[in-house]
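Chains as they are written, first to last, in our numbering: chain A, 24 to 154; chain B, 24 to 154. Beta carbons: idealized from backbone N, C-alpha and C, even for Gly. Small disclaimer: the values here were computed from a predicted structure and weren't measured. Presented below is the structure to which this report refers.
2 protein chains.
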Amino acid sequence: MSDTSIIQIDTASSVAIYEQIANAIRAHLVAGRLQPGALLPPVRELALNLGVHHNTVAEAYRTLAREGWLDLRRKRGAVVLAREAPHATAAAERRFTRHLGELTAKALADGVSPATAARHLEAIAARLRNG
Amino acid sequence: MSDTSIIQIDTASSVAIYEQIANAIRAHLVAGRLQPGALLPPVRELALNLGVHHNTVAEAYRTLAREGWLDLRRKRGAVVLAREAPHATAAAERRFTRHLGELTAKALADGVSPATAARHLEAIAARLRNG
DNA sequence: GAAATTTGTATGTTTGTACTATACAAATAG
DNA sequence: CTATTTGTATAGTACAAACATACAAATTTC
C-alpha cells in the first residue's frame with residue numbers, strides 16, 4: 024500500500040465509504056499485493072489522501088480486522104496478518120453467483136458490450152487459474 | 024416473473040432492499056427472461072411474497088422505470104418496455120471491473136476456491152459470448 | 001353512468017446508520 | 001518523564017430506508 028493508495032471512492036455510490044475502502048483494501052490483500060507483516064498507513068494519513076474523516080478509515084480497518092486480515096494496535100498501526108481462508112459455505116458461493124449475475128446485468132444495462140464484459144470476466148478467471 | 028418471483032432478499036446485507044429487488048429484476052430483464060410487454064406483479068403482491076412493504080417494491084419499480092425498463096401506470100401495472108442500451112461510458116466499464124475484482128476478492132476471502140470462482144466467471148462469460 | 005375495485009403514488013413518521021467533530025487512551029520515542 | 005503518534009470512544013447531525021396510512025387514477029362491474 025505504501026502511499027500510492029489509489030483507492031477510488033465513488034461519492035455517488037450508495038455503498039458506504041468505509042465499505043468501499045474496506046473492499047478496495049481487501050482486494051489488495053487477496054491479490055497478495057499486501058503481504059503479512061505489511062503496514063497500512065495511519066488512519067489519519069489515508070483519510071487525508073481520500074478526503075474523508077479518519078474515523079471513516081478506522082471503521083474500514085476495523086471491518087477488515089474483524090475478518091481477520093489486520094491487527095490494530097495503538098501507536099503501532101494496522102499490520103497485515105497471515106490469514107487462512109475459512110471453509111466456504113454454500114451460502115457464500117450462492118451469494119457470489121447472484122451478485123456476479125446482477126453486477127454483469129448492471130454493466131450490460133449501462134451499455135457495456137457483452138464481448139467486453141466477457142473479456143473482463145475471463146481475464147479475472149484466468150488470473151485465478153494461474154494462481 | 025409470473026409468480027415464482029425467486030427474488031432472494033438478504034436482510035443481513037447492507038444493500039437496501041429496494042435495490043436488491045431492482046437488481047434482481049434487472050438481471051431477469053437483461054437475460055431476456057422478461058420480454059417487452061410482460062407484466063410484473065402488482066407492488067402489493069410482490070411485497071407480500073417478499074415480506075416487505077409495498078412502497079419498498081414500488082421504489083424498486085420506480086428505479087427501473089427511471090432506467091427505462093418499465094412503464095408504470097395506475098391500475099394497469101408495471102409493463103416491461105423495449106429498451107435500447109445506452110452507449111457505454113468509460114466510467115461504466117471501470118466501475119464494472121473494479122466491482123468485479125472486489126466481489127471476487129470477497130468470495131475468495133469467504134473461502135470460495137479460486138477454481139470454483141473461475142468456473143462461475145467463465146460460465147457467465149460463455150453465456151455472454153453465445154448471446 | 002355510478003360505484004367498487006385495483007392499481008401506482010404521495011406524505012409523514014420512525015428508526016438506523018454513515019459520517020464527522022472532538023476528546024480520550026495507550027504505546028513508543030526522545 | 002514528557003511529547004508525539006497512533007487507534008478508540010463518544011456524541012451529534014444529517015440523511016435515507018422502510019413502513020403506515022391516505023390519496024388518486026383507471027378499469028371493471030352492476
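- DSSP places VAL135(A) in the coil class of the three-state scheme, outside both helix and strand.
- Spanning the alpha carbons of HIS122(A) and LEU62(A) requires a straight line of approximately 31 Å.
- Around the Cβ of HIS51(B), a 10 Å sphere holds 16 or more other Cβ atoms; the residue is buried.
- Taking C-beta atoms as the reference points, ILE40(A) and THR127(B) fail to come closer than 8 Å.
- In this chain, the beta strand (DSSP E) harbouring ARG96(A) covers 93-96.
- Considered as a whole, the segment 27-66 of chain A harbours 40-53 as its complete alpha helix (DSSP H) runs of no fewer than 4 residues, in chain order.
- When the Cα atoms are used, ARG67(A) and ALA35(A) turn out to be separated by approximately 23 Å.
- For GLU82(A), there are no C-beta contacts with chain B under 7 Å, since the nearest C-beta of that chain is about 12 Å from it.
- In the three-state reduction of the DSSP assignment, GLY124(A) falls in the helix class, which pools H, G and I.
- Cβ contact annotation for VAL103(A) (same chain, cutoff 6 Å, sequence separation greater than five): LEU57, PRO59 and ALA61, in chain order.
- By the neighbour-count criterion, in which 16 or more other beta carbons inside 10 Å mark a residue as buried, LYS98(B) falls on the exposed side.
- Nearest Cα to SER136(B) within the set GLY124(A), ALA70(A) and HIS110(A): HIS110(A).
- The Cβ atoms of GLU116(B) and ASN46(A) do not sit closer than 8 Å to each other.
- Among the residues facing chain A, ASP133(B) is included, as its CB has a counterpart in that chain under 8 Å away.
- Leaving aside the five residues that flank ILE32(B) on each side, the residues in its chain whose CB is nearer than 8 Å to its CB run, in chain order, ILE40, GLN43, ILE44, LEU73, GLY74 and VAL75.
- When C-beta distances to chain B are compared with 9 Å, the residues of the segment 49-72 of chain A below that value are ARG49, ALA50, HIS51, LEU52, VAL53 and ALA54, in chain order.
- With respect to the C-alpha of GLU107(B), the residue from LEU93(A), ASP94(A) and GLY134(A) having the closest C-alpha is GLY134(A).
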